[in-house]
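Heads up: the sequence shown begins at 205 in our numbering, then just goes up one per residue.
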Amino acid sequence: MTNCEELQFHLPLYSDGSLNSAERSVIDAHLPECPLCRQKLSEFEDLSLDLRSIPRYSAPQDLVSAIRSKVSSHLAASSPSPSFQLIDRRRSWKEIWLVPSTTAALATVTIGLTLLSFMLSSSPVPLSAYENRGGAMDVPVFLASNPDMSPDDYANSRLAIAGESPSINPRGALVALTKSLVRGEMRDDEVTVVADVFGNGLAQIAEVVEPSHDQRAVGELRRALESDPSFAPFVPANMDRRSDTIRVILKIQSVNVNTSLNSSSERSRRSRR
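Pasting the structure below:
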């Protein structure tokens, strides 16, 4: 039988739930046999409920501020270091998190709408502007078969878009390769690659998007892009007034046109004569 005097110090902890399982089992076995311990436990539980029901009073804010100022001045006068910093008042989660987050979100949306309205309000430059500019200078946009056209002349004819589309060298290896592919086995076929054009006019294939049926086409195109700088496929960056490195998409396509109808019509005209 457990002695009541040994358990009287454990009853308050038992009512608060602070004992471990072994100690609680001892008291659980003793309480049905001892009415005095049950009465004592009931008193502790009533006292705990009464203490919890007492309202919590807080000091006025003016008094708290006065005490903090007094303590701060006293510590500053007695020991100048380390510095003393007052503890700020406790703020709600709305002031700490909700209000700043809402303000930042509204600012982001406002900036986004402003940029979107600016982009929509600005009218795009029509292609006719580039065509008119090329016609005013009386220089064709591209005549690869014209041996008299210099790379400088061709680059000057398209300065308006040279920053996004580098100018092809009319006397370079890419133009010569295009002619040979069209005249060779490339019939109703195309090859599309993504290439990086460098400042000296040379280029390098980064990705083959659509290879040609001719197995040699991609290899020949690679050699043409990485050829001698004197036969570079593109004009240098200083002629185009563009950046030293720019990524482009090259697409070489060959289309066969049936001219049998025109030939038969011509022959019929000659027979009538």
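The beta-carbon is built from N, C-alpha and C at its ideal position, and this holds for glycine as well.
All of these numbers come straight from a predicted model, not from anything done at the bench.
Buried or exposed for residue 215, please, with buried defined as at least 16 other CB atoms from any protein chain shown within 10 angstroms of its CB. buried
Three-state secondary structure (DSSP) at residue 212? coil
Contacting residues, own chain, Cβ-Cβ under 7 Å from residue 414 (five flanking each side not counted): 394, 395 and 396
Out of curiosity, what's the CA-to-CA distance linking residue 422 and residue 374? 20 Å
Could you check which residue in 226, 224, 243 and 225 has the C-alpha nearest to that of residue 212? 243
Below 6 Å CB to CB, which residues in the same chain sit around residue 367 once its five sequence neighbours on both sides are set aside? 446
Residue 443: buried (16+ other C-beta within 10 angstroms of its C-beta) or exposed? buried
Compute the beta-carbon to beta-carbon distance between residue 399 and residue 429, rounded to the nearest angstrom, for a pair I have assumed lies under 8 Å. 6 Å
Host beta strand (DSSP E) of residue 233 (start-end): Unbroken run through residue 233 is the alpha helix (DSSP H), 225-234; no beta strand (DSSP E).
Alpha carbons only, please: which of 274, 362 and 355 is nearest the one belonging to residue 379? 355
Is residue 406 buried or exposed, if buried means 16 or more other CB atoms sit within 10 Å of its CB? buried
Give the DSSP-derived three-state secondary structure of residue 411 in the structure shown. strand
Between residue 468 and residue 383, what straight-line distance do the alpha-carbon atoms span, to the nearest angstrom? Unreliable positioning characterises residue 468 in this predicted model, as indicated by a pLDDT of 48, which lies under 50. A coordinate reading is not provided.
Between which two residues does the alpha helix (DSSP H) carrying residue 249 extend? 239-257
Which same chain residues end up closer than 6 Å to residue 273 when comparing Cβ atoms and leaving out the 5 residues on each side of it in sequence? none
When you compare the CB positions of residue 439 and residue 359, do they come within less than 7 Å of one another, or not? yes
Near residue 402, which residues of its chain fall below 7 Å by C-beta distance, leaving aside the five closest residues on each side in sequence? 448 and 449
Beta-carbon proximity list for residue 433, same chain, < 8 Å, skipping 5 on both sides: 404, 405 and 406
Please report the distance separating the alpha-carbon of residue 441 from that of residue 454. 18 Å
Within the continuous alpha helix (DSSP H) that includes residue 443, where are the two ends? 441-444
If you reduce the DSSP assignment to three classes, tell me which class residue 332 lands in. Bear in mind that the predicted position of residue 332 carries a pLDDT of just 48, short of 50, making it unreliable; the figure below should be weighed with that in mind. Three-state result, residue 332: helix.
How long is the line joining the alpha carbons of residue 308 and residue 299, rounded to whole angstroms? 14 Å
Cutting at 6 Å between CB atoms, please list the residues of its own chain near residue 376, excluding the five before and the five after it. 435, 436 and 437
In angstroms with no decimal places, state the Cα-to-Cα distance between residue 321 and residue 310. 16 Å
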